[in-house]
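Undergrad: Sharing a structure with you now.
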Amino acid sequence: MKTKFKEMLLSTRREGMEKIIEKLEELGFFKAPASTKFHLNYEGGLLEHSMNVCETALELRELILRKKAELQEALPVESVIVAALLHDVCKADIYIPTIKKQKNADGSWSDVPGYDVDYGHFPLGHGEKSVAVLLKNGLRLTDDEIIAIRWHMSPWDLAFQSYEMKSNMNAARERCPLLSLIQAADGLAASILE
Numbered sequence: 002m003k004t005k006f007k008e009m010l011l012s013t014r015r016e017g018m019e020k021i022i023e024k025l026e027e028l029g030f031f032k033a034p035a036s037t038k039f040h041l042n043y044e045g046g047l048l049e050h051s052m053n054v055c056e057t058a059l060e061l062r063e064l065i066l067r068k069k070a071e072l073q074e075a076l077p078v079e080s081v082i083v084a085a086l087l088h089d090v091c092k093a094d095i096y097i098p099t100i101k102k103q104k105n106a107d108g109s110w111s112d113v114p115g116y117d118v119d120y121g122h123f124p125l126g127h128g129e130k131s132v133a134v135l136l137k138n139g140l141r142l143t144d145d146e147i148i149a150i151r152w153h154m155s156p157w158d159l160a161f162q163s164y165e166m167k168s169n170m171n172a173a174r175e176r177c178p179l180l181s182l183i184q185a186a187d188g189l190a191a192s193i194l195e
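Have a look at this one:
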């Protein structure tokens, strides 16, 4: 899966992608879980989630283009790959392996491996951190890729957003079909596939 992930990123022929892959390795992206207690909360879960989002996004793109061919230019394959595979870069360095207590079927408690979260390394918001890490490490992102990665969590964050943030997110969604595609693929992957 790691080989396919790298091949897909390199297929975009994006300048700086080799450095991003090295940075992902350094940050622990390929071994990180996707969450602490929800979807794919085991070693390598983040890689698996990213691949699920990308495959789903590429399939959704094809369905959308069959109905609205005029969106071809707004949904280039390279941008779908970049935004889908790199949307959760922010999670690469936040999980700390730990032992947690879990109640067994008989009602007794046992120790099980799990994860805690430490946001102290680079404390930014979820999507903002992913964009910042990518840009800081030399990856040139299109405006639409930045928007899609930045706002991909909005359906889950809406209750906590200010009026201004909701307005910005709605403007982003109207301007950027890639955003809706990544949000849909992320939601389907996390809620149904995983």
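Under this note's numbering, the sequence shown is numbered contiguously, ending at residue 195.
No residue lacks a Cβ here, since even glycine has one placed at the ideal position from N, Cα and C.
(1) Hey, how far is the Cα of LEU140 from the Cα of ALA185?
(2) Suppose the cutoff is 7 Å on Cβ atoms and the five residues either side in sequence are ignored; what does the same chain contact list for MET197 look like?
(3) Alpha carbon to alpha carbon, how far is SER168 from PHE30? Give it in angstroms, no decimals.
(4) Decide yes or no for the touch test of the region 60–73 against the region 128–138: beta carbon pairs closer than 8 Å, at least 3 of them.
(5) Below 8 Å on the Cβ atoms is my guess for HIS88 versus ALA190; work out the distance and round it to an integer in Å.
(6) Span of the alpha helix (DSSP H) holding PRO198?
(7) Would you check if the region 13–27 and the region 140–149 touch, i.e. whether three or more CB-CB distances between them fall below 8 Å?
(8) Would you call the region 142–154 and the region 38–53 touching, i.e. three or more CB-CB distances under 8 Å?
(9) Check whether the Cβ atoms of HIS40 and SER181 lie closer than 9 Å to each other.
(10) Can you find the residues in the same chain that come closer than 7 Å, C-beta to C-beta, to ARG174, ignoring five residues on each side of it along the sequence?
(11) Closest to PHE123 by CA distance: which of MET52, VAL134, ARG176, LEU61 is it?
(12) What three-state label does DSSP hand TYR164 in the structure shown?
(13) Quick one: is TYR96 buried, meaning 16 or more other Cβ sit within 10 Å of its Cβ, or exposed?
(14) Given ILE183, which residues of its chain have a CB within under 7 Å of its CB, disregarding the five upstream and five downstream residues?
(15) Quick one: grab the DSSP three-state call for ASP89.
(16) Using only alpha-carbon positions, find the residue among LYS92, GLU60, VAL90, ALA93 that is nearest to PRO77.
(17) Which runs of the beta strand (DSSP E) spanning at least 3 residues fall entirely within the region 30–75, listed in chain order?
(18) If you follow the alpha helix (DSSP H) that ILE193 is part of, which residue opens it and which one closes it?
TA: Taking the definition as stated:
(1) For the purposes of this step, residue 140 is taken as the residue at position 139 of the sequence shown. For the purposes of this step, residue 185 is taken as the residue at position 184 of the sequence shown. When rounded, the distance between both Cα atoms is 24 Å.
(2) What the structure shows of the chain is the stretch from 2 to 195, and residue 197 is not part of that stretch, so it cannot be assessed.
(3) Translated into the one-based positions of the sequence shown, residue 30 becomes position 29. Translated into the one-based positions of the sequence shown, residue 168 becomes position 167. For PHE30 and SER168, the distance between alpha carbons rounds to 32 Å.
(4) no
(5) Position 87 of the sequence shown, counting from 1, holds the residue named residue 88. Position 189 of the sequence shown, counting from 1, holds the residue named residue 190. Contact doesn't hold; Cβ gap of about 10 Å is too wide.
(6) Because the chain here runs from 2 to 195, residue 198 falls outside it and cannot be looked at.
(7) yes
(8) no
(9) The residue labelled residue 40 in the question sits at position 39 within the sequence shown. The residue labelled residue 181 in the question sits at position 180 within the sequence shown. For HIS40 and SER181, no; Cβs fall outside 9 Å.
(10) Taking the first residue of the sequence shown as 1, we reach residue 174 at position 173. Closer than 7 Å at the Cβ level, and outside the excluded window around ARG174, lie LEU180, SER181.
(11) By one-based count along the sequence shown, residue 123 stands at place 122. When each option's Cα is compared against that of PHE123, the closest is VAL134.
(12) Position 163 of the sequence shown holds residue 164. Helix, per DSSP.
(13) Indexing the sequence shown from 1 puts residue 96 at position 95. With 16 or more Cβ atoms within 10 Å of its Cβ, TYR96 is classed as buried.
(14) Translated into positions along the sequence shown, residue 183 becomes position 182. Excluding positions up to five away in sequence, the list reads ALA58, ALA84, ALA85, HIS88, ALA149, HIS153.
(15) Working through the sequence shown from its first residue, we reach residue 89 at position 88. Correct three-state label for ASP89: coil.
(16) By one-based count along the sequence shown, residue 77 stands at place 76. PRO77 has its Cα closest to that of GLU60, out of LYS92, GLU60, VAL90, ALA93.
(17) Entirely contained in the region 30–75, not one beta strand (DSSP E) run reaches 3 residues.
(18) In the sequence shown, counting from the first residue as 1, residue 193 sits at position 192. Where ILE193 is concerned, there is no enclosing alpha helix (DSSP H), given that its DSSP letter is neither H nor E.
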